[in-house]
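Residue numbers (the numbering used here): 466 to 725.
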(Lines of atoms letter the chains of each structure in order from A and count residues from 1; the text may use other names and numbers.)
(Lines give C-alpha, C1' and ligand atoms only; values in the text may rest on other atoms or scores of the structure.)
Protein backbone atom coordinates (compact mmCIF):
# COMPACT_ATOMS: atom_id res chain seq x y z
CA UNK A 1 0.00 0.00 0.00
CA UNK A 2 1.66 3.22 -1.11
CA UNK A 3 1.87 6.22 1.19
CA UNK A 4 1.36 9.88 0.33
CA UNK A 5 4.63 11.55 -0.57
CA UNK A 6 3.71 15.15 0.21
CA UNK A 7 3.16 15.72 3.94
CA UNK A 8 1.61 19.03 4.97
CA UNK A 9 4.32 21.66 5.28
CA UNK A 10 2.37 24.05 7.50
CA UNK A 11 -0.75 24.35 9.57
CA UNK A 12 -4.03 24.09 7.67
CA UNK A 13 -5.27 27.66 7.16
CA UNK A 14 -8.70 27.51 8.74
CA UNK A 15 -11.12 30.29 7.87
CA UNK A 16 -12.41 30.61 11.42
CA UNK A 17 -15.95 29.64 10.52
CA UNK A 18 -17.75 26.51 11.70
CA UNK A 19 -16.55 23.47 13.59
CA UNK A 20 -13.58 21.66 12.07
CA UNK A 21 -14.26 18.12 10.89
CA UNK A 22 -11.59 15.66 9.76
CA UNK A 23 -12.73 12.89 7.40
CA UNK A 24 -10.38 10.03 6.56
CA UNK A 25 -10.72 7.98 3.39
CA UNK A 26 -12.31 11.06 1.88
CA UNK A 27 -11.32 10.53 -1.75
CA UNK A 28 -14.34 8.35 -2.64
CA UNK A 29 -17.46 6.59 -1.40
CA UNK A 30 -18.78 7.28 2.08
CA UNK A 31 -15.82 9.50 2.95
CA UNK A 32 -16.34 11.82 -0.01
CA UNK A 33 -20.10 11.95 0.59
CA UNK A 34 -19.52 12.76 4.27
CA UNK A 35 -17.09 15.55 3.41
CA UNK A 36 -19.66 17.07 1.05
CA UNK A 37 -22.47 16.80 3.56
CA UNK A 38 -20.53 18.25 6.49
CA UNK A 39 -19.33 21.14 4.34
CA UNK A 40 -22.92 21.81 3.29
CA UNK A 41 -23.89 21.82 6.98
CA UNK A 42 -21.35 24.52 7.77
CA UNK A 43 -18.37 22.50 8.95
CA UNK A 44 -14.86 23.39 7.88
CA UNK A 45 -13.72 20.07 6.46
CA UNK A 46 -10.22 18.60 6.33
CA UNK A 47 -10.08 15.73 3.85
CA UNK A 48 -7.48 13.01 4.30
CA UNK A 49 -6.65 10.19 1.87
CA UNK A 50 -3.83 8.79 -0.24
CA UNK A 51 -5.16 9.84 -3.66
CA UNK A 52 -4.30 13.52 -3.55
CA UNK A 53 -5.60 14.29 -7.04
CA UNK A 54 -9.13 13.21 -6.12
CA UNK A 55 -8.82 14.81 -2.71
CA UNK A 56 -7.76 18.17 -4.13
CA UNK A 57 -10.62 18.23 -6.64
CA UNK A 58 -13.17 17.50 -3.91
CA UNK A 59 -11.66 20.06 -1.53
CA UNK A 60 -11.92 22.72 -4.23
CA UNK A 61 -15.54 21.73 -4.87
CA UNK A 62 -16.63 22.06 -1.23
CA UNK A 63 -14.21 24.70 0.03
CA UNK A 64 -12.34 22.23 2.21
CA UNK A 65 -8.70 21.38 2.81
CA UNK A 66 -6.98 18.44 1.12
CA UNK A 67 -4.17 16.88 3.16
CA UNK A 68 -2.37 13.68 2.08
CA UNK A 69 -2.90 10.84 4.54
CA UNK A 70 -2.15 7.14 4.79
CA UNK A 71 -3.66 5.95 8.08
CA UNK A 72 -1.40 2.86 8.00
CA UNK A 73 1.79 4.96 7.92
CA UNK A 74 2.83 6.43 11.30
CA UNK A 75 4.86 9.21 9.67
CA UNK A 76 1.90 10.23 7.50
CA UNK A 77 -0.46 10.26 10.50
CA UNK A 78 1.99 12.36 12.54
CA UNK A 79 2.49 14.87 9.74
CA UNK A 80 -1.26 15.13 9.23
CA UNK A 81 -1.92 15.75 12.94
CA UNK A 82 0.89 18.30 13.26
CA UNK A 83 -0.74 20.40 10.54
CA UNK A 84 -3.94 20.84 12.54
CA UNK A 85 -4.32 23.23 15.46
CA UNK A 86 -8.03 22.54 15.91
CA UNK A 87 -10.26 19.48 15.51
CA UNK A 88 -13.89 19.26 16.64
CA UNK A 89 -14.94 16.11 14.77
CA UNK A 90 -12.95 13.09 13.60
CA UNK A 91 -14.69 10.70 11.22
CA UNK A 92 -12.65 7.49 11.12
CA UNK A 93 -13.92 6.31 7.75
CA UNK A 94 -10.82 4.90 6.03
CA UNK A 95 -11.26 1.16 5.63
CA UNK A 96 -12.15 -1.57 3.23
CA UNK A 97 -12.56 -5.25 2.49
CA UNK A 98 -10.00 -7.01 0.32
CA UNK A 99 -11.15 -10.61 -0.11
CA UNK A 100 -14.15 -12.90 0.21
CA UNK A 101 -12.28 -16.09 1.06
CA UNK A 102 -13.24 -18.65 3.72
CA UNK A 103 -10.94 -18.88 6.73
CA UNK A 104 -9.53 -22.22 5.51
CA UNK A 105 -8.23 -20.39 2.42
CA UNK A 106 -7.16 -17.23 4.23
CA UNK A 107 -4.67 -14.90 2.57
CA UNK A 108 -2.80 -13.58 5.60
CA UNK A 109 -1.59 -10.54 3.69
CA UNK A 110 -5.22 -9.63 3.02
CA UNK A 111 -6.02 -10.08 6.71
CA UNK A 112 -3.11 -7.83 7.69
CA UNK A 113 -4.25 -5.20 5.21
CA UNK A 114 -7.80 -5.31 6.58
CA UNK A 115 -6.62 -4.90 10.18
CA UNK A 116 -4.05 -2.25 9.29
CA UNK A 117 -6.51 0.11 7.63
CA UNK A 118 -9.75 -0.62 9.50
CA UNK A 119 -8.49 -1.14 13.06
CA UNK A 120 -4.93 0.10 13.48
CA UNK A 121 -5.55 3.06 11.20
CA UNK A 122 -8.50 4.12 13.35
CA UNK A 123 -6.42 3.67 16.50
CA UNK A 124 -3.58 5.74 15.06
CA UNK A 125 -5.82 8.62 14.00
CA UNK A 126 -7.73 8.57 17.28
CA UNK A 127 -4.51 8.65 19.31
CA UNK A 128 -3.09 11.48 17.19
CA UNK A 129 -6.17 13.74 17.26
CA UNK A 130 -7.75 12.91 20.62
CA UNK A 131 -5.93 15.74 22.46
CA UNK A 132 -7.41 18.24 20.00
CA UNK A 133 -10.88 16.71 20.32
CA UNK A 134 -10.69 17.02 24.10
CA UNK A 135 -9.34 20.58 23.85
CA UNK A 136 -12.32 21.54 21.67
CA UNK A 137 -14.57 21.15 24.69
CA UNK A 138 -17.23 19.35 22.62
CA UNK A 139 -15.54 16.78 20.42
CA UNK A 140 -17.06 14.04 18.29
CA UNK A 141 -15.20 10.81 17.57
CA UNK A 142 -17.03 8.90 14.84
CA UNK A 143 -16.28 5.38 13.62
CA UNK A 144 -17.73 4.14 10.35
CA UNK A 145 -18.22 0.51 11.26
CA UNK A 146 -20.45 -2.04 9.59
CA UNK A 147 -23.15 -4.54 10.35
CA UNK A 148 -20.28 -6.96 9.61
CA UNK A 149 -18.90 -5.81 12.96
CA UNK A 150 -22.05 -6.98 14.75
CA UNK A 151 -22.94 -10.26 13.02
CA UNK A 152 -20.60 -12.93 11.63
CA UNK A 153 -21.21 -14.44 8.23
CA UNK A 154 -19.30 -16.81 6.02
CA UNK A 155 -17.00 -15.47 3.39
CA UNK A 156 -14.60 -12.59 3.87
CA UNK A 157 -13.88 -13.15 7.57
CA UNK A 158 -10.90 -10.80 7.35
CA UNK A 159 -13.33 -7.89 6.98
CA UNK A 160 -15.85 -9.20 9.50
CA UNK A 161 -13.14 -9.68 12.12
CA UNK A 162 -11.69 -6.24 11.44
CA UNK A 163 -15.06 -4.50 11.77
CA UNK A 164 -15.73 -6.41 15.00
CA UNK A 165 -12.47 -4.80 16.11
CA UNK A 166 -13.75 -1.35 15.19
CA UNK A 167 -16.96 -2.03 17.13
CA UNK A 168 -15.14 -2.98 20.33
CA UNK A 169 -12.71 -0.08 19.85
CA UNK A 170 -15.62 2.36 19.87
CA UNK A 171 -17.16 0.68 22.90
CA UNK A 172 -13.90 0.75 24.84
CA UNK A 173 -13.27 4.40 24.04
CA UNK A 174 -16.75 5.31 25.21
CA UNK A 175 -15.88 3.84 28.62
CA UNK A 176 -12.46 5.45 28.75
CA UNK A 177 -13.65 8.91 27.68
CA UNK A 178 -16.84 9.14 29.74
CA UNK A 179 -15.35 11.93 31.88
CA UNK A 180 -14.10 13.86 28.85
CA UNK A 181 -16.07 16.23 26.59
CA UNK A 182 -15.89 13.78 23.67
CA UNK A 183 -18.76 11.73 22.28
CA UNK A 184 -18.00 8.36 20.68
CA UNK A 185 -20.35 7.47 17.84
CA UNK A 186 -20.45 4.32 15.71
CA UNK A 187 -22.36 4.23 12.43
CA UNK A 188 -22.87 0.64 11.21
CA UNK A 189 -24.19 0.46 7.64
CA UNK A 190 -25.46 -2.67 5.97
CA UNK A 191 -25.56 -3.01 2.17
CA UNK A 192 -24.15 0.18 0.63
CA UNK A 193 -23.54 0.43 -3.10
CA UNK A 194 -20.45 2.53 -3.82
CA UNK A 195 -18.12 2.64 -6.79
CA UNK A 196 -15.19 0.79 -5.20
CA UNK A 197 -15.95 -1.13 -1.99
CA UNK A 198 -17.31 -4.42 -3.35
CA UNK A 199 -15.05 -4.29 -6.42
CA UNK A 200 -12.01 -4.13 -4.13
CA UNK A 201 -13.35 -7.11 -2.23
CA UNK A 202 -14.29 -9.35 -5.16
CA UNK A 203 -11.77 -8.20 -7.74
CA UNK A 204 -14.43 -8.72 -10.43
CA UNK A 205 -17.05 -6.38 -11.86
CA UNK A 206 -19.25 -9.38 -12.61
CA UNK A 207 -19.15 -10.55 -8.99
CA UNK A 208 -19.70 -6.99 -7.81
CA UNK A 209 -22.80 -6.60 -9.98
CA UNK A 210 -24.14 -9.91 -8.62
CA UNK A 211 -24.03 -8.61 -5.04
CA UNK A 212 -26.59 -5.90 -5.84
CA UNK A 213 -28.53 -7.65 -8.59
CA UNK A 214 -32.27 -7.49 -8.01
CA UNK A 215 -31.95 -5.38 -4.84
CA UNK A 216 -34.31 -2.43 -4.98
CA UNK A 217 -32.57 0.69 -3.72
CA UNK A 218 -29.53 -0.43 -1.74
CA UNK A 219 -28.06 2.31 0.42
CA UNK A 220 -25.75 4.80 -1.25
CA UNK A 221 -22.89 6.76 0.29
CA UNK A 222 -25.06 9.83 0.79
CA UNK A 223 -27.41 7.86 3.05
CA UNK A 224 -24.56 7.03 5.42
CA UNK A 225 -23.25 10.59 5.26
CA UNK A 226 -26.71 11.78 6.29
CA UNK A 227 -26.55 9.55 9.38
CA UNK A 228 -23.10 10.83 10.32
CA UNK A 229 -24.14 14.46 9.91
CA UNK A 230 -27.27 13.88 12.01
CA UNK A 231 -25.29 12.23 14.82
CA UNK A 232 -22.69 14.99 15.12
CA UNK A 233 -25.27 17.78 15.05
CA UNK A 234 -27.32 16.53 18.01
CA UNK A 235 -27.10 18.59 21.23
CA UNK A 236 -23.79 17.55 22.73
CA UNK A 237 -25.31 15.87 25.77
CA UNK A 238 -26.96 13.39 23.36
CA UNK A 239 -24.67 10.49 22.37
CA UNK A 240 -25.68 8.27 19.47
CA UNK A 241 -23.74 5.23 20.66
CA UNK A 242 -24.57 2.98 17.72
CA UNK A 243 -26.69 3.62 14.66
CA UNK A 244 -27.41 0.57 12.49
CA UNK A 245 -28.67 1.51 9.04
CA UNK A 246 -29.70 -0.87 6.27
CA UNK A 247 -31.74 -0.58 3.09
CA UNK A 248 -35.33 -1.65 3.60
CA UNK A 249 -34.64 -4.62 1.30
CA UNK A 250 -32.08 -6.04 3.75
CA UNK A 251 -33.63 -7.53 6.86
CA UNK A 252 -30.36 -9.11 8.02
CA UNK A 253 -26.92 -9.99 6.69
CA UNK A 254 -28.32 -13.22 5.22
CA UNK A 255 -31.81 -11.99 4.25
CA UNK A 256 -32.06 -9.68 1.26
CA UNK A 257 -35.11 -9.21 -0.94
CA UNK A 258 -34.23 -9.55 -4.61
CA UNK A 259 -36.55 -8.92 -7.52
CA UNK A 260 -36.36 -11.15 -10.58
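We put the beta carbon where it would ideally sit given N, CA and C, even for glycine.
Per DSSP, reduced to three states, the secondary structure at residue 715 is strand.
For the pair of segments examined, the region 674 to 694 was found not to touch the region 625 to 632: the number of CB pairs separated by less than 8 Å stays below three.
A distance of 8 Å or more separates the beta carbons of residue 552 and residue 503.
In this structure, residue 654 and residue 623 do not form a Cβ contact; the two beta carbons are roughly 18 Å apart against a cut-off of 8 Å. For residue 602 and residue 703, the gap between their C-alpha atoms comes out near 15 Å. By the 16-neighbour rule on beta-carbons within 10 angstroms, residue 712 is buried.
Taking residue 531 as the centre and dropping the five residues before and after it, the same chain places the C-beta of 512, 520, 521 and 524 closer than 6 Å to its C-beta, in chain order.
Distance from the CA atom of residue 708 to the CA atom of residue 557, rounded to whole angstroms, is 15 Å.
Between the alpha carbons of residue 714 and residue 675 lies a gap of roughly 15 Å. Take residue 476, set aside five residues on each side of it, and the residues of its chain with a beta-carbon closer than 6 Å to its own are 548 and 550, in chain order. Pairing residue 514 with residue 529 gives a Cβ-Cβ distance that is not under 8 Å. When C-alpha distances from residue 651 are compared across 621, 620, 608 and 671, the shortest belongs to 608.
Across the structure, residue 723 and residue 657 are spaced so that their CA atoms are roughly 15 Å apart. In the structure shown, the three-state DSSP call for residue 581 is helix. In the DSSP assignment, the residues bridged to residue 530 are 511. Excluding the 5 residues flanking it on each side, residue 620 has same chain C-beta neighbours closer than 8 Å at 565, 566 and 567, in chain order.
In its chain, beyond the 5 residues on either side, 549, 551 and 552 have a beta carbon closer than 7 Å to the beta carbon of residue 597. Residue range 647 to 654 is occupied by the beta strand (DSSP E) that includes residue 653. Assigned with DSSP and collapsed to three states, residue 486 falls in strand.
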